[in-house]
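Undergrad:
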Amino acid sequence: MAHPIDTQLGLESARIPLILLCALFSVTVQAEPIHMQLRWHHQFQFAGYYAAVAKGYYQKAGLDVIIHAGAPGRLPVSEVLSGRAQYGEANSELLLERLRGAPLVALAAIFQHSSSVLLARKDAHIFSPDALVDKKVMMMEGRVDADFIAMFNNEGIDMSRIHIMQSSYDIQDLVEGKTDAFNAYISNEPFFLEQQGVDYTVLNPRNYGVDFYSDILFTTETELAQHPERVKAFLKASLEGWRYAMEHPQEIIDLLIEKYQVTKSRAHLEFEAEAMKTVILPDLMEMGHMNPWRWKHMAQTFVNAGMVNDDAHLQGFRYLITHKSQQLLTLRLVEPEPYPDWRSCHEKEPY
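Just so we're aligned, residue -19 is where the sequence shown starts under our numbering, counting upward by one.
In structure tokens:
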């Protein structure tokens, strides 16, 4: 019979390689560093990603996510296509670039309706897009403000009649009359105008047949092909973060102020969080939901506006989770006219 001390020593000796094995395993599963590119400076607009970091959702998925703030010269689509970031968040220009052949993949539409609007001073009497003919309009460079180009096309307005100016990103230019209309987010710039007591008019593309998704989480075909499980894990953790952020806005506002040193006041962040509910629709839609017919309609809008020749590259643009246990809840949007074909074609997806 073994001596009790010998038995104990044997057990302790057995534990040593087990401990070493666990230590080795912990090293091999260290979180992968990946980069996420935002559209703009740190603010509540990107709350879900901050929440996913702070609550450990990314870490639990084995991901070390580095979030990069955006800037005029640092746009998500170009950053991701260049490989400097693996994931990004963009507006409708994401689809436009895909239709032009860029290997981009939409993972989730965080905003079910775009927040992009044009603001004008009420005393300028600009109450519809046609009132902007021969007027100065600040917009982002290139195709980033595709919503507005599509809106003008829908209204039969020749873009050459609009004096497009590169956006200064400073709403004071509208206040001071340096431009007649200013590209803005409904959840952001109106706060500044209201604080200054400036009455304003909102020109929303949704009211003119352009109802686009925005703040779309995306990656590339290369990332999806080479790291399918990472894409799935990143998406799942991001959506968890978004659900948490919308349920705990004050906690995320505290985080933004304390960790990200945002320049916005608490009141401004609260304004932003409240306004975002109207476009994310967290109590109505599954977070990140994407309707294939909605994408089809958006693509056709670009074709009709002459911005692309066709929608041939739409195939493969919308990310699909194949494992049933991780499928996103699929809901059908009930949309007003002019989209009657959605209801008549709902049995078969367009691509």
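Where a beta carbon is used, it is the ideal one built from N, C-alpha and C, also for glycine.
Fair warning: this is a prediction, and the values are worked out from it, not measured in the lab.
Return the bridge partner residues of ASN163 from the DSSP annotation.
TA: LEU98
Undergrad: When DSSP labels each residue in this structure, what does VAL211 get in the three-state scheme?
TA: helix
Undergrad: Report back the beta-carbon spacing between SER148 and ASP127 to the nearest angstrom; my notes put them in contact at under 8 Å.
TA: Wrong, their Cβ atoms sit about 19 Å apart, outside the cutoff.
Undergrad: Determine the contact status of ARG78 and HIS277, defining contact as a CB-CB distance below 7 Å.
TA: no
Undergrad: Measuring only the C-alpha atoms, how far is LEU0 from GLY36?
TA: Residue confidence for LEU0 is low, a pLDDT of 44 falling below 50, so the modelled location carries little weight and cannot support an answer.
Undergrad: Nearest-angstrom Cα distance between GLU59 and TRP20?
TA: 13 Å
Undergrad: Distance, Cα to Cα, TYR67 vs ASP103?
TA: 42 Å
Undergrad: Cβ atoms of ALA217 and TYR38: under 7 Å apart, would you say?
TA: yes
Undergrad: Who are the Cβ neighbours of ARG64 in its own chain at under 8 Å, not counting the five residues just before and after it?
TA: Once the five neighbours on either side are set aside, the close Cβ partners of ARG64 are HIS15 and GLN17.
Undergrad: Considering only C-alpha positions, which residue in the set PRO52, SER167 and LEU112 is nearest to THR258?
TA: SER167
Undergrad: Just the C-alpha distance for GLN280 and GLU73, rounded to the nearest angstrom, thanks.
TA: 14 Å
Undergrad: Buried or exposed for VAL7, please, with buried defined as at least 16 other CB atoms from any protein chain shown within 10 angstroms of its CB.
TA: Reliability fails at VAL7, whose pLDDT of 41 lies under 50, so the model's placement of it is uncertain and no value is given.
Undergrad: If you count every other CB in all the chains shown that lies within 10 Å of the CB of PRO208, and 16 or more means buried, which is it?
TA: exposed
Undergrad: Beta carbon of LEU204, beta carbon of ALA161: below 7 Å?
TA: no
Undergrad: Can you tell which of GLY42, PRO262 and ASP195 has the C-alpha that lies nearest to the C-alpha of GLU12?
TA: GLY42
Undergrad: At what residues does the beta strand (DSSP E) containing VAL45 begin and finish?
TA: 43 to 48
Undergrad: Helix, strand or coil: which one does DSSP assign to TYR299?
TA: coil
Undergrad: Residues in its own chain within less than 8 Å of ILE129 by CB, not counting five upstream and five downstream?
TA: Non-local beta-carbon contacts of ILE129 in its own chain, meaning distances under 8 Å to residues more than five positions away in sequence, involve ARG123, MET139, ALA285 and MET287 in chain order.
Undergrad: Let's see if you can read the secondary structure: which residues bound the beta strand (DSSP E) around GLN175?
TA: Segment 169 to 175 is the alpha helix (DSSP H) holding GLN175; no beta strand (DSSP E) there.
Undergrad: Hey, LEU173 and TYR165: beta-carbon distance below 7 Å or not?
TA: Contact flag unset, no.
Undergrad: Taking 7 Å as the cut-off, decide whether the C-beta atoms of PRO109 and GLU69 are in contact.
TA: no
Undergrad: Tell me whether ILE196 sits in a helix, a strand or coil according to DSSP, three-state version.
TA: When DSSP states are grouped into helix, strand and coil, ILE196 belongs to the strand group.
Undergrad: Taking LEU55 and THR199 to be in contact with their CB atoms under 8 Å, please state how far apart those CB atoms are, rounded to whole angstroms.
TA: Wrong, their Cβ atoms sit about 15 Å apart, outside the cutoff.
Undergrad: Which value, in whole angstroms, describes the spacing of the CA atoms of GLU266 and ARG80?
TA: Computed Cα separation, rounded: 29 Å.
Undergrad: Does SER194 pass the burial test, meaning 16 or more other C-beta atoms within 10 Å, or should it be called exposed?
TA: Flag for SER194 reads buried.
Undergrad: In the DSSP assignment, the beta strand (DSSP E) including MET118 goes from what residue to what residue?
TA: 116 to 119
Undergrad: Any beta carbon from chain C within less than 7 Å of HIS15's own beta carbon?
TA: Absent here is chain C; the protein component of the structure consists of one chain.
Undergrad: How many angstroms separate the CA atom of LEU235 from the CA atom of ASN289?
TA: 45 Å
Undergrad: In angstroms, rounded to a whole number, what distance separates the CA positions of ILE237 and ARG246?
TA: 8 Å
Undergrad: If you measure from the CB of GLN295, is any heavy atom of the ligand GDP nearer than 6 Å?
TA: By its list of ligands, the structure shown contains no ligand whatsoever, and the ligand GDP lies outside what it can speak to.
Undergrad: Suppose you measure from the CA of HIS248 to the CA of LEU112; what does that come to, to the nearest Å?
TA: A straight line joining the alpha-carbon of HIS248 with that of LEU112 spans about 29 Å.
Undergrad: Within this structure, are the beta carbons of ALA225 and ALA27 separated by less than 7 Å?
TA: yes
Undergrad: Classify LYS244: buried if its beta carbon has 16 or more other beta carbons within 10 angstroms, exposed otherwise.
TA: Buried, since its Cβ has 16 or more Cβ neighbours within 10 Å.
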